[in-house]
Amino acid sequence: MGDEMMLAGKPKSQFYKLPFDRNTRILRLNVLESHTEHRAGNRPYYMVEKKPLSFKKGVLTIRVKLENEPPVKVYLKVEYDHLLISCNIDTDENYLGRYAYRTLRAMLWNEFHDFEEYYWPECFNEATGKSKYLEVICDRYGVDIRLKKEFKGFFRPDDYFLHIAERKVLERKYVNVGLATLNHEYLIGYCLANTDPVRFHSNHYPFLIPYSFTLNADNKTVKSFTGFLFEEEDSFEQSELSANQTELNSICYEMKKIARIQFREYGDSDERSDEIDDLNSSNKRKIFELFNKALPMLSREPFTHYLFTYGMRNIQKKPMKKDMQVARFSVELPSLNFLLSDKGDYYELKLRFKVKGKVFHFCEDRIAMFFICSSSKPTVWYLLESETDSRVILFFSRKNFKIQIPKGYYKEHFEPYVDEIKKQYELEIKYK
């Protein structure tokens, strides 16, 4: 008994246990009321005053005042598949008291409540009560629990993790070394147009768009951009372009036709929603294949740029020079590389990439779905060899490219994901 974990000054075994829905932290009203004869009456919400006081060692302490009664304290602890609850009056492991019941009943607005925000296993030091992973703010507005910046990728049991399916690798053609000869009479360059692929105005998948420009006296840098080239307005004769440019322009125009992302609208049927998803997936796959076809030619062009468009509608006739960023497109193949490190009481899984065996770290604001840059060379773009790689990078980019997993549940809840990664990618292990 002396070694038993204490929660809010009480042995853990003396807390009442209520089960959640499978693989969730959701408690339902029918489950709650099957554990007690107490009922809240016709006004279960408005007759209960609740004020969260603290969140220590994973225990949420709430000050609860029922109508015309003195305040009490109720304690909640969220476990993997159940909720532990007690109070400073009468609730124990065998009896769900009135104060505990009324507190929970008031939280179940829609006949259920998700306690996920209070589920932080293995996060608190038992001796000090502090957490290296969490920032807990208690003020007059209640309790705010957030991950510290360096632990943005913290993983809890049942958190979503990307399923890494079998990778389809596109064959890439080799290219003659060296840049194409510049035609000073007809100056054409190529721009990688990119934006965030989420619903906002007129978003699109990355695509290439040609542009015309003038040179400075040094014949090495752009003086001004005179216009984007659109298929319906392309006035260049085929004889004025190199064979490389003619084929690249054709690819650019084909990309632009299918680059716009389609979004579901309110009221769309399931059938219509499926059609939109299938169309987007098909267009995305085609654009990736077109990039793979274009890359050997694109890498030879002496003038190439990158533009973050903020939406298709912002691609006007004339590019703004301040927005066009110099870019170089490499034909080298980047390969994703994972590093699993022992950090003491947790493991960290980090995503990097390699080019010719050299490890690079991602440049976080230089990711264009199928293209990536390194933090050390942010103007050099590498085209991924698999569409699956782009989904892996997108997932890890939202977590600062690293995921932290406490050792207490690593083997049961995360090791299977690592085993899946090893089947498709290189994994290095660094022991402490």
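With positions in the sequence shown counted from 1, the corresponding number in this note's numbering is that position plus 497. All residues carry an ideal CB built from backbone N, CA and C; glycine is no exception.
| query | Along the chain, where does the alpha helix (DSSP H) that runs through residue 510 open and close? | reply | As a first step, residue 510 must be located in the sequence shown, where it is residue number 13. Run containing residue 510: none; DSSP gives neither H nor E here.
| How long is the line joining the alpha carbons of residue 550 and residue 569, rounded to whole angstroms? | Within the sequence shown, numbered from 1, the residue matching residue 550 stands at position 53. Within the sequence shown, numbered from 1, the residue matching residue 569 stands at position 72. Taking the straight line from one Cα to the other gives about 12 Å.
| Would the region 767–778 and the region 741–749 be scored as touching if the rule is three or more Cβ pairs under 8 Å? | no
| Spatial neighbours of residue 849 in its chain, beta-carbon cut-off 7 Å, leaving aside the 5 residues before and after | Here the question's residue 849 lines up with position 352 in the sequence shown. Result list for residue 849: 834, 836, 856, 857 and 858, in chain order.
| request: Output the boundary residues of the alpha helix (DSSP H) element that contains residue 905. | output: Your numbering for residue 905 matches position 408 in the sequence shown. From DSSP, the alpha helix (DSSP H) with residue 905 extends over 904–910.
| said: Can you list, in chain order, the residues of its chain with a C-beta nearer than 8 Å to that of residue 720? Leave out the 5 residues immediately preceding and following it. | reply: In the sequence shown, the residue the question calls residue 720 occupies position 223. Taken in chain order, the residues that qualify are 710, 711, 712 and 713.
| Alpha-carbon spacing of residue 783 relative to residue 702, whole angstroms | Reading the sequence shown from its first residue, position 286 is the one you call residue 783. Reading the sequence shown from its first residue, position 205 is the one you call residue 702. Distance between the alpha carbons of residue 783 and residue 702 is about 11 Å.
| Looking only at its own chain, which residues have a Cβ that is under 6 Å from the Cβ of residue 863, when we skip the five neighbours before and after it? | Numbered from 1 along the sequence shown, position 366 holds the residue referred to as residue 863. 870 and 875, listed in sequence order.
| message | Can you find the residues in the same chain that come closer than 8 Å, C-beta to C-beta, to residue 806, ignoring five residues on each side of it along the sequence? | response | On the sequence shown, residue 806 is found 309 positions in, with the first residue counted as 1. If we look at residue 806 and ignore the five residues flanking it on each side, its Cβ neighbours are 690, 691, 692, 701 and 812.
| task | Can you give me the Cβ contacts of residue 649 inside the same chain, cut-off strictly under 6 Å, excluding the 5 residues immediately before and after it? | result | The sequence position of residue 649 within the sequence shown is 152, counting from 1. Correct list, in chain order: 896 and 897.
| query | In terms of residue numbering, what span does the beta strand (DSSP E) encompassing residue 860 cover? | reply | Counted from its first residue, the sequence shown places residue 860 at position 363. Segment 859–865, the beta strand (DSSP E) holding residue 860.
| Neighbour-count burial assignment, residue 626, 16 or more Cβ in a 10 Å radius | Taking the sequence shown and counting its residues from 1, one reaches residue 626 at position 129. When all chains shown are included, residue 626 counts as exposed.
| Grouping DSSP H, G and I as helix and E and B as strand, with all else coil, what is residue 742? | Position 245 of the sequence shown, counted from the first residue, corresponds to residue 742. In this structure, residue 742 counts as helix in the three-state DSSP scheme.
| query | Taking the alpha-carbon positions, what's the residue 586 to residue 632 distance? | reply | Start at 1 with the first residue of the sequence shown, and residue 586 comes out as number 89. Start at 1 with the first residue of the sequence shown, and residue 632 comes out as number 135. Taking the straight line joining both Cα atoms gives about 30 Å.
| Rounded C-alpha distance that separates residue 809 from residue 796 | Sequence index remark: in the sequence shown, residue 809 carries index 312 (1-based). Sequence index remark: in the sequence shown, residue 796 carries index 299 (1-based). One C-alpha to the other measures close to 24 Å.
| Is there a Cβ from chain D that is less than 8 Å from the Cβ of residue 597? | Considering every chain present, this structure includes no chain D. It has just one protein chain.
| request: Along the alpha helix (DSSP H) that carries residue 608, what are the first and last residues, could you check? | output: Locating residue 608 in the sequence shown gives position 111, counting from the first residue. Taken as a continuous stretch (DSSP letters only), residue 608 belongs to no alpha helix (DSSP H), as it is neither H nor E.
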